[in-house]
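So the protein sequences, as listed, match chains A and B. When we follow my numbering, the leftmost residue of the first sequence carries the number 2, and every step to the right adds one. When we follow my numbering, the leftmost residue of the second sequence carries the number 5, and every step to the right adds one. No residue lacks a Cβ here, since even glycine has one placed at the ideal position from N, Cα and C. Written below as structure tokens is the structure these notes are about.
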Amino acid sequence: DVKVTQSSRYLVKRTGEKVFLECVQDMDHENMFWYRQDPGLGLRLIYFSYDVKMKEKGDIPEGYSVSREKKERFSLILESASTNQTSMYLCASSWEGEHGELFFGEGSRLTVL
Amino acid sequence: SQKIEQNSEALNIQEGKTATLTCNYTNYSPAYLQWYRQDPGRGPVFLLLIRENEKEKRKERLKVTFDTTLKQSLFHITASQPADSATYLCALDPVLNSGYSTLTFGKGTMLLVSP
Numbered sequence: 002d003v004k005v006t007q008s009s010r011y012l013v014k015r016t017g018e019k020v021f022l023e024c025v026q027d028m029d030h031e032n033m034f035w036y037r038q039d040p041g042l043g044l045r046l047i048y049f050s051y052d053v054k055m056k057e058k059g060d061i062p063e064g065y066s067v068s069r070e071k072k073e074r075f076s077l078i079l080e081s082a083s084t085n086q087t088s089m090y091l092c093a094s095s096w097e098g099e100h101g102e103l104f105f106g107e108g109s110r111l112t113v114l
Numbered sequence: 005s006q007k008i009e010q011n012s013e014a015l016n017i018q019e020g021k022t023a024t025l026t027c028n029y030t031n032y033s034p035a036y037l038q039w040y041r042q043d044p045g046r047g048p049v050f051l052l053l054i055r056e057n058e059k060e061k062r063k064e065r066l067k068v069t070f071d072t073t074l075k076q077s078l079f080h081i082t083a084s085q086p087a088d089s090a091t092y093l094c095a096l097d098p099v100l101n102s103g104y105s106t107l108t109f110g111k112g113t114m115l116l117v118s119p
């Protein structure tokens, strides 16, 4: 089975801290994505990557950056966490091509105090 | 502006009945549409994909229709069971300004199946 693993299920950070959210997939997928999910707003795309060292902005990239140094790992970075970044963060991956289904991780619930 | 609309009110049905969920969209011309299931506190799980040239797709008790004229997809669960209770998300593939195609999700509809 495809497995997408997010490093932390729950995190609590303070305003201004640098936060790393890690995501690893074990199926050699080319495509990886970071979404955040908030009540009433649904899933929104932050960043995505279609290849190693490649990244593209999604709908809401402000306040975030990403890193993809290896094919299996896609990291989301909050340079200076703010309270409005309190959310559920979901990583997903898919095979090459535009129509593949997304395989999601279990999510990382981040609280910024 | 582009919109994907799913009924925000929960759908309550009795076990054994058919559940029908709706996904409407505006200002999109998607090549395909996907449906996902999400349980509380978990990531979404893929269920079905239907392409623009397909009218209907089935998988076990699930059926999806796709009407590009009405800009609507219907998701049916026949013989529903309490275990089908979850939030169901539809997703489309708009092409971003960068030229890449990624999935955009609706906000989901919660289904509650009572015994």
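Identity of the residue in A:V13, A:L22, A:K14 and A:V5 nearest Y90 (chain A) by Cα: A:L22
Where K111 (chain B) falls, given that 16 or more other Cβ within 10 Å makes a residue buried: buried
Secondary structure of D39 (chain A), DSSP reduced to three states: strand
Beta-carbon spacing of K63 (chain B), L52 (chain B) below 8 angstroms: yes
Length of the line joining the Cα atoms of L15 (chain B) and M114 (chain B): 6 angstroms
8 angstroms Cβ cutoff, F49 (chain A) in contact with chain B: yes
Distance, L66 (chain B) Cα to T22 (chain B) Cα: 10 angstroms
For R110 (chain A) and A83 (chain B), the rounded distance between their alpha carbons: 34 angstroms
Under 9 angstroms from the C-beta of F105 (chain A): neighbouring residues of chain B: Y40, Q42, R46, G47, P48, V49 and F50
For Q1 (chain A), the three-state DSSP class (helix, strand or coil): Only positions 2 to 114 of chain A appear in the structure, and residue 1 (chain A) is not among them; the question remains open.
R41 (chain B) burial status per 10 Å Cβ neighbour count (16 or more: buried): buried
Chain A residues whose Cβ lies nearer than 7 angstroms to that of F109 (chain B): G43 and L44
Alpha carbon of S9 (chain A) to alpha carbon of H80 (chain B), nearest angstrom: 35 angstroms
Between the CA atoms of P119 (chain B) and L44 (chain A) - distance to the nearest angstrom: 30 angstroms
Candidates B:S77, B:K75 and B:T24, of which the one nearest D88 (chain B) by Cα: B:T24
Classification of P86 (chain B) by the beta-carbon crowding that lies within 10 angstroms, buried from 16 upward: exposed
Cβ distance (whole Å) where Y48 (chain A) is taken to contact N32 (chain A) below 8 angstroms: Incorrect: roughly 12 angstroms between the Cβ atoms, too far for contact.
is_contact[T113 (chain B), chain A] using C-beta, thresh 8 angstroms: no
Complete runs of the beta strand (DSSP E) confined to the region 47-81 of chain B [at least 3 residues]: 49-55, 60-63, 66-71 and 76-81
Residues within the region 55-88 of chain B neighbouring chain A, beta-carbon criterion of under 7 angstroms: none
Between the CA atoms of L114 (chain A) and F104 (chain A) - distance to the nearest angstrom: 30 angstroms
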